[in-house]
Amino acid sequence: MSCYLTCYDPPPRRTHDSGPEIAALHVDLQPATFSIPLNKSVKYSIQNNHDCLEQEVYVTCNSLLCEIRDPKVRNGVATQIYGILKKGETMVFELGLRDQNDTSSIPLSPLIFSPAGYLEICHYDAQKKSDSDWKNKPNEVAKYDMMFGSTYGRWKENLVLEAESEWVKKKNEEFIEKFQKALDDWELETEKIEKGQKKMMTDLMAANVSVVKVVEEKKIEKKKKRILGCC
Numbered sequence: 025m026s027c028y029l030t031c032y033d034p035p036p037r038r039t040h041d042s043g044p045e046i047a048a049l050h051v052d053l054q055p056a057t058f059s060i061p062l063n064k065s066v067k068y069s070i071q072n073n074h075d076c077l078e079q080e081v082y083v084t085c086n087s088l089l090c091e092i093r094d095p096k097v098r099n100g101v102a103t104q105i106y107g108i109l110k111k112g113e114t115m116v117f118e119l120g121l122r123d124q125n126d127t128s129s130i131p132l133s134p135l136i137f138s139p140a141g142y143l144e145i146c147h148y149d150a151q152k153k154s155d156s157d158w159k160n161k162p163n164e165v166a167k168y169d170m171m172f173g174s175t176y177g178r179w180k181e182n183l184v185l186e187a188e189s190e191w192v193k194k195k196n197e198e199f200i201e202k203f204q205k206a207l208d209d210w211e212l213e214t215e216k217i218e219k220g221q222k223k224m225m226t227d228l229m230a231a232n233v234s235v236v237k238v239v240e241e242k243k244i245e246k247k248k249k250r251i252l253g254c255c
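My numbering puts the first residue of the sequence shown at 25, with every later residue one more than the last.
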């Protein structure tokens, strides 16, 4: 089954509202699902069907549970591959569970709202010629670098697991705990900011009152001198 990516003219260069166009790439889903099994990987392919132009392609998995096998980038929740596809060329990648023996803690990312996370694919007309043209540091997620006004395809799909294991259950509980802590920290920080703003306004108002009082006292003093000078 083929699932076509959606291609848009990025703002502000859009001159008409014709809706999405069929993009230069399509994704062959074999099988046509983003439900990841516990005991094996799922293979996907991306083929460049553009008439003549090469495409820069980025595939990023942001997930606490899943990963792209043999990625070029591994950073926190993200695993990523990228490359340049000529006409008719195909990029193949596999999605599977992370290493269950890896006990390292992955920091929570604001990019994901569930432990399974999502897969994102982006492509546009190639500006680079080879892998050496990517200047991101080792294990730094490569950022999209399209030219202003160029068309691009960007597509995202939430990932789910076919079943739950003890490891998955544990990761889900860890995610809920970290998410709740992050929420509590955010609320605490918001409260501190609000208190700080209130104190600043109170101090500012007090300072203004003091300034007004001094100004009024000087006016009165000046008026007294003028009256006495006239006598």
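Here a beta-carbon is modelled for each residue, glycine too, at the ideal position from N, C-alpha and C.
Quantities reported herein were computed from a predicted structural model and do not represent experimental measurements.
Three-state secondary structure (DSSP) of residue i
| i | result |
| --- | --- |
| Phe203 | helix |
| Ser156 | helix |
| Lys180 | strand |
| Leu212 | helix |
| Ile145 | strand |
| Val192 | helix |
| Glu164 | coil |
| Ala48 | Residue confidence is low: Ala48 scores 42 on pLDDT, short of 50, so the model does not pin down where it sits. No coordinate-derived value is stated. |
| Ile136 | coil |
| Ile244 | helix |
| Glu186 | coil |
| Gly100 | coil |
| Gly112 | coil |
| Ile60 | strand |
Sheet register partners of residue i (DSSP bridge)
| i | result |
| --- | --- |
| Glu118 | Lys67 |
| Gly107 | Val81 |
Neighbour-count burial assignment, residue i, 16 or more Cβ in a 10 Å radius
| i | result |
| --- | --- |
| Ala102 | buried |
| Glu241 | exposed |
| Tyr148 | buried |
| Leu195 | According to the sequence displayed, residue 195 carries Lys and not Leu. Buried is the call here. |
| Gln204 | exposed |
Close Cβ partners of residue i (< 6 Å) along its chain, the five nearest in sequence each way excluded
| i | result |
| --- | --- |
| Val116 | Ser69 |
| Lys110 | Glu78 |
| Ala206 | Leu132 |
| Asn160 | Ala166 |
Spatial neighbours of residue i in its chain, beta-carbon cut-off 8 Å, leaving aside the 5 residues before and after
| i | result |
| --- | --- |
| Lys222 | none |
| Ser154 | Ile108 |
Whole-angstrom distance between residue j and residue i, CA atom to CA atom
| i | j | result |
| --- | --- | --- |
| Ala150 | Leu212 | 45 Å |
| Val192 | Lys219 | 40 Å |
| Trp158 | Leu183 | 28 Å |
| Phe137 | Thr214 | 20 Å |
| Lys202 | Arg98 | 21 Å |
| Ile217 | Glu164 | 32 Å |
Own chain residues within Cβ distance below 7 Å of residue i, not counting five before or after
| i | result |
| --- | --- |
| Glu186 | Ser59, Ile60, Pro61 and Leu62 |
| Glu181 | Phe58, Tyr142 and Leu143 |
| Thr114 | Ser69, Ile70 and Gln71 |
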